[in-house]
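Colleague: Numbering (the working numbering), first residue to last: 388 to 825.
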Ligand code: SAM
């Protein structure tokens with residue numbers, strides 16, 4: 388099967404079910420014999436069509452008399468063709484038209500092949516004017532031009548203004564960089580870089596104010612991670628630099644007892660263990676038993692031995708209380724990396740923008756507050772509580788912290804910081820450091 392055909396199938400399955408498109412791609416690649424270059428094209432087509440869906444649909448609507456959407460699968464084909472013509476440089480436009488028409492004929496759209504051909508060829512004749520119109524659209528109707536839900540764009544514009552919002556929209560539509568954190572429990576940067584050169588891994592140095600030199604590298608090119616010996620040996624963990632900030636603020640020390648309340652898949656847990664030099668005790672909880680398995684796997688791969696995994700709410704009795712039911716506060720530090728709307732990581736979750744609803748933010752707020760209230764009871768007096776999200780929405784960040792503080796006078800906010808794609812060049816993140824005083 389060819390990459391375009393697989394891309395069309397994935398887009399069809401995406402419409403049918405709740406499975407994430409990243410998983411659909413993984414499944415499709417596991418079942419097909421695509422060459423690496425064809426996999427790359429297939430992924431680029433699927434992600435590109437989803438990212439640019441609103442702009443692609445605008446193009447299609449201009450050329451159809453009713454302006455209405457076609458049958459979903461036909462709409463997908465037109466999106467695929469137009470995406471190749473206007474967003475991909477390396478595919479000759481005529482080849483894109485030909486391949487899309489052939490795809491229509493091979494699929495259920497033999498009768499509509501002429502219609503597909505007419506729309507795409509029409510756009511080939513007006514390519515320059517269309518590029519200009521698309522550029523203009525980014526200024527006049529940014530939600531269409533940058534292809535995001537209108538409500539999200541207007542929310543961000545109110546908060547940051549038009550210019551920064553446009554930068555954020557552009558960031559969300561740019562394929563994300565891959566970063567590796569060196570696992571100092573097993574190696575150091577010098578040794579790892581030597582091994583990467585042998586494994587043909589191309590990398591770059593990464594500097595930010597919240598972590599030391601030679602801890603994080605950007606991976607520019609590499610063979611599939613699962614086949615890379617340095618990955619299998621657990622010499623590094625893939626995570627965005629923004630995720631390290633919460634752990635830095637937690638400042639875990641060797642020998643301490645730490646609670647990571649929302650731990651899966653374990654990016655922060657394993658970094659905490661690294662800073663503790665694997666000495667002490669980390670209790671890693673998560674509501675999802677399936678995802679806790681990932682924590683276990685990551686700990687095993689990285690050689691982390693000081694972590695105990697537990698389903699959420701099930702903390703060991705010595706940590707949660709006495710027979711009389713009063714809670715004993717035993718954790719030196721608690722991290723809540725809360726479930727959130729994920730609006731800071733939209734460049735990595737391509738489908739998210741089309742799934743997220745404004746009401747979701749309110750629902751998440753309630754969970755976030757619950758987690759903070761629970762943490763408050765099991766943190767030692769004098770202990771540090773870190774609240775973090777990868778959301779850009781104040782309702783899930785500073786406002787949650789404010790509400791928590793208004794109910795808990797014995798907690799003080801020591802520091803709060805927001806990392807923003809358009810200023811910090813990393814995924815969005817929010818981190819608040821609180822201290823308990825009695
Ligand atoms: N800290 C993780 C890391 O660095 O790899 C990422 C955590 S992710 C942002 C949020 C996690 O919270 C998800 O794994 C989700 O299953 C979990 N979660 C959601 N609701 C929860 C709850 N009520 N209690 C505990 N965990 C919860």
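We put the CB at the ideal spot given by N, CA and C, even for glycine.
What three-state label does DSSP hand residue 711 in the structure shown?
Modeller: Model confidence at residue 711 stands at a pLDDT of 39, short of 50, so the residue's coordinates are unreliable; what they give is reported in the following sentence. When secondary structure is reduced to three states using DSSP, residue 711 falls in the coil class, being assigned neither helix nor strand.
Colleague: Is it the case that the Cβ atoms of residue 487 and residue 511 are separated by a distance below 8 Å?
Modeller: no
Colleague: With distances taken from each beta carbon to the nearest heavy atom of the ligand SAM, which residues come in below 5 Å, in chain order?
Modeller: 649, 651, 652, 654, 655, 673, 674, 675, 678, 699, 724 and 726
Colleague: Would you report the Cα separation of residue 499 and residue 674, rounded to the nearest angstrom?
Modeller: 48 Å
Colleague: Evaluate residue 592 with the Cβ neighbour count: other Cβ atoms within 10 Å of its Cβ, from every protein chain shown; 16 or more gives buried, anything less gives exposed.
Modeller: exposed
Colleague: The beta strand (DSSP E) spanning residue 816 covers which residue range?
Modeller: 816-823
Colleague: Please report how far the alpha carbon of residue 566 lies from the alpha carbon of residue 497, in whole angstroms.
Modeller: Note on geometry: alpha-carbon atoms of residue 566 and residue 497 lie some 45 Å from one another.
Colleague: From residue 785 to residue 816, what distance separates their C-alpha atoms?
Modeller: 12 Å
Colleague: Note down, one range per segment and in chain order, each alpha helix (DSSP H) of at least 4 residues found wholly within the segment 545-600.
Modeller: 549-559 and 576-585
Colleague: Mind checking which residues open and close the alpha helix (DSSP H) that includes residue 527?
Modeller: 514-527
Colleague: Would you mind working out which of 628, 529, 607 and 781 sits nearest residue 590, comparing C-alpha positions?
Modeller: Nearest of 628, 529, 607 and 781 to residue 590, Cα basis: 607.
Colleague: Does DSSP put residue 422 in a helix, in a strand, or in coil?
Modeller: Look at residue 422 here: in three-state DSSP terms it is coil, with no helix or strand label.
Colleague: Going by C-alpha distance, which of 651, 408 and 641 is nearest residue 626?
Modeller: 651
Colleague: Alpha carbon to alpha carbon, what distance is there between residue 805 and residue 789?
Modeller: If you take the alpha carbons of residue 789 and residue 805, they lie about 15 Å apart.
Colleague: Could you compute how far the alpha carbon of residue 523 sits from the alpha carbon of residue 514?
Modeller: Between residue 523 and residue 514, the C-alpha separation is close to 14 Å.
Colleague: Looking at the structure shown, is residue 634 part of a helix, part of a strand, or coil, going by DSSP?
Modeller: helix
Colleague: Measuring straight from C-alpha to C-alpha, what distance separates residue 657 and residue 694?
Modeller: 8 Å
Colleague: Take residue 813 as the anchor and find which of 630, 439 and 485 has the nearest alpha-carbon.
Modeller: 630
Colleague: Does the structure place the segment 607-621 close enough to the segment 634-647 that three or more beta carbon pairs sit under 8 Å?
Modeller: no
Colleague: How many Å lie between residue 577 and residue 688 at the Cα?
Modeller: 20 Å
Colleague: Taking Cβ to Cβ, would you say residue 463 is nearer than 8 Å to residue 521?
Modeller: no
Colleague: Pairing CB atoms from the segment 757-777 with CB atoms from the segment 726-743, are three or more of them under 8 Å?
Modeller: yes
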